[in-house]
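**Student:** Protein chains in written order, with this note's numbering: chain P, 613 to 818; chain Y, 613 to 818.
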């Protein structure tokens, strides 16, 4: 059996989380190697681009989060085999990654700079992408983003939206998803309620 | 037959070029809808994120360049069916896209600002990614980036390297690929010499 080791920060979100969820839902054994934030300076030295997540596949280190997410999706049968449905899935993955990058630009900021950056993020990209997600979901029937079933596109959106509504992002209103994209908010609740997803997060509840 | 319309700037490079090449190599009919740079302000209004390329598939507008590249690769049989080989292909696509973003940050700059940004790009990301590409290529036998055959990963790298050596990027030495990553330079020459690729570019020679 292929040995899989996923290395990422020790929190339930971010760029490794869609792959973690896919492995968990698909029952694919993997080592969930988590490190504390202060250890990042050391961990990144072992990576080619100073970035995480990485996935070791039988000892070979692979970088690039959505490449990893897509691979996890294939192993877990959460990625479309039809090329057009896979295109729709991939479009959502890459759009959400663009949004991650735009949000990430404000990490590390403090005070007024953080507030201004976050307000610009909310009124600009976050609103644009949420409305687009809402439209995509409705165009495909309202339940899933591709293939009329759960795919890694749903997991990627779920992880992002879950972060937005968590209240952990200063100056980002937790109500914005419900306001601008109610179908996406409902989608998030539905994914969270899937037995495999609920069971996965129950393990982390203290 | 599926109607495909790819919309992008009228030049032989950038984010649409790997998909154009994949369609051409695979003999997949598509409308190559090119617009002049000054028209971008108008064209982008028709897109959800103000970005190109877009691909219309039977009238449905799809965004996100690598999603489009991957879809073109599947139609043209230039994308691995094995999940691990596809992971290696996807890793290269996303890494090159990161590099595109880092290079793109200097577009629109002029004078000293451009020179400083480009020098930092050359000594930083460009060197790092070229050395990584060299190592990846050697690890897989030196000919192709995945699946021991031509895939869209090769086309993505080819388009980027072709741009670097073209001399069109001010303050980027055209010799840097040969210096830091000679195997990648040879790879570029080999892809350019493929009959389908040579025939494709011959159409644009005046």
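Virtual Cβ for every residue (Gly too), placed ideally from N, Cα, C.
Within this structure, are the beta carbons of residue 634/P and residue 685/P separated by less than 8 Å?
**Tutor:** Yes, the Cβ-Cβ distance between residue 634/P and residue 685/P is below 8 Å.
**Student:** Note down, one range per segment and in chain order, each alpha helix (DSSP H) of at least 4 residues found wholly within the region 622-671 of chain P.
**Tutor:** Listed in chain order, the complete alpha helix (DSSP H) runs (minimum 4 residues) inside the region 622-671 of chain P are 629-638, 652-655.
**Student:** I want to verify the contact list: residues of chain P whose CB lies under 7 Å from the CB of residue 674/Y, in sequence order.
**Tutor:** Ordered by position in chain P, the residues that pass the 7 Å Cβ test against residue 674/Y are 699, 703.
**Student:** Buried or exposed: where does residue 630/Y fall if 16 or more other Cβ atoms within 10 Å of its Cβ makes it buried?
**Tutor:** Residue 630/Y is buried by the Cβ-count criterion.
**Student:** Whole-angstrom Cβ separation of residue 789/Y and residue 749/Y, contact assumed at under 8 Å?
**Tutor:** Contact flag wrong, Cβ pair sits at about 12 Å.
**Student:** Quick check on the DSSP output: the alpha helix (DSSP H) that includes residue 795/Y runs from which residue to which?
**Tutor:** Start and end: 794-805.
**Student:** Compare the C-beta of residue 683/P with all C-beta atoms of chain Y and state if any pair is closer than 8 Å.
**Tutor:** It does: the Cβ of residue 683/P has a partner Cβ on chain Y nearer than 8 Å.
**Student:** Can you name, in chain order, every residue of its own chain whose Cβ lies under 6 Å from the Cβ of residue 759/Y, other than the five neighbours on each side?
**Tutor:** Cβ neighbours of residue 759/Y beyond the five flanking positions: 692, 697.
**Student:** Can you check the region 751-777 of chain Y for any alpha helix (DSSP H) of at least 4 residues that lies completely inside it and give the ranges in chain order?
**Tutor:** Whole alpha helix (DSSP H) segments, 4+ residues: 764-777.
**Student:** Does the pairing of the region 643-661 of chain Y with the region 784-798 of chain Y give three or more beta-carbon distances under 8 Å?
**Tutor:** Short answer: they don't touch.
**Student:** With H, G and I counted as helix, E and B as strand and the rest as coil, what does DSSP make of residue 690/Y?
**Tutor:** Three-state result, residue 690/Y: coil.
**Student:** With C-beta atoms as the reference, is residue 739/Y less than 8 Å away from residue 729/Y?
**Tutor:** In this structure, residue 729/Y does not lie closer than 8 Å to residue 739/Y by Cβ.
**Student:** Which chain P residues sit within Cβ distance under 8 Å of residue 687/Y?
**Tutor:** Residues of chain P passing the Cβ test: 695.
**Student:** Please list the terminal residues of the continuous alpha helix (DSSP H) segment that includes residue 737/P.
**Tutor:** Here residue 737/P belongs to no alpha helix (DSSP H), and DSSP marks it neither H nor E.
**Student:** Under the rule that 16 or more other beta-carbon atoms within 10 Å means buried, what is residue 816/P, buried or exposed?
**Tutor:** By the 10 Å Cβ count, residue 816/P comes out exposed.
**Student:** By alpha-carbon positions, which one of 764/Y, 613/Y, 674/Y, 782/Y ends up nearest to residue 636/Y?
**Tutor:** Nearest option by C-alpha distance: 764/Y.
**Student:** Establish whether the CB of residue 787/Y and some CB of chain P are separated by less than 8 Å.
**Tutor:** So, not an interface residue.
**Student:** Go ahead and label residue 681/Y buried or exposed: buried means 16 or more other beta carbons lie within 10 angstroms of its beta carbon, across all protein chains shown.
**Tutor:** Buried, because 16 or more other Cβ atoms sit within 10 Å of the Cβ of residue 681/Y.
**Student:** Kindly indicate if chain P contains any beta-carbon less than 8 Å away from that of residue 661/Y.
**Tutor:** Chain P, which has a Cβ nearer than 8 Å to the Cβ of residue 661/Y, makes this yes.
**Student:** For residue 744/Y, tell me which candidate among 621/P, 786/P, 673/P has the shortest Cα-Cα distance.
**Tutor:** Ranking the options by Cα distance to residue 744/Y, first place goes to 673/P.
**Student:** Which bits of chain Y does residue 669/P rub up against, with CB to CB less than 9 Å?
**Tutor:** Those are 696, 699, listed as they occur along chain Y.
**Student:** To the nearest angstrom, how far is the alpha carbon of residue 813/P from that of residue 676/Y?
**Tutor:** Distance between the alpha carbons of residue 813/P and residue 676/Y is about 31 Å.
**Student:** Would residue 707/Y pass as an interface residue toward chain P - the criterion being a Cβ-Cβ separation below 8 Å?
**Tutor:** Taking Cβ atoms only, chain P reaches closer than 8 Å to residue 707/Y, which makes this a yes.
**Student:** Skipping 5 residues on each side, what residues in its chain have a beta carbon closer than 7 Å to that of residue 731/P?
**Tutor:** For residue 731/P, where only same-chain residues beyond five positions count, the Cβ hits under 7 Å are 783.
**Student:** Rank 619/Y, 757/Y, 613/Y, 656/Y by C-alpha distance to the C-alpha of residue 670/Y and give the top, closest one.
**Tutor:** Closest option to residue 670/Y, Cα to Cα, is 613/Y.
**Student:** Give the residues of chain Y in contact with residue 740/P, contact being defined as C-beta atoms less than 8 Å apart.
**Tutor:** Going along chain Y in sequence order, the residues near residue 740/P (Cβ under 8 Å) are 660, 661.
**Student:** Which of the three DSSP states is assigned to residue 673/Y in this structure?
**Tutor:** If DSSP states are grouped into helix, strand and coil, residue 673/Y belongs with the strands.
**Student:** For residue 707/P, is the classification buried or exposed, using 16 other Cβ atoms within 10 angstroms of its Cβ as the cut-off for buried?
**Tutor:** Buried, because 16 or more other Cβ atoms sit within 10 Å of the Cβ of residue 707/P.
**Student:** Any C-beta of chain P sitting closer than 8 Å to the C-beta of residue 793/Y?
**Tutor:** Not one chain P Cβ lies under 8 Å of residue 793/Y.
**Student:** Residue 752/P to residue 700/P, Cα distance in whole Å?
**Tutor:** Roughly 10 Å between the two C-alpha positions.
**Student:** Taking 8 Å as the cut-off, decide whether the C-beta atoms of residue 625/P and residue 774/P are in contact.
**Tutor:** Yes; because the gap between Cβ atoms is below 8 Å, this pair is in contact.
**Student:** Is the separation between the beta-carbon of residue 655/Y and that of residue 704/Y shorter than 8 Å?
**Tutor:** The answer is no: Cβ separation not under 8 Å.
**Student:** Could you check where the alpha helix (DSSP H) with residue 781/Y kicks off and where it finishes?
**Tutor:** Run containing residue 781/Y: none; DSSP gives neither H nor E here.
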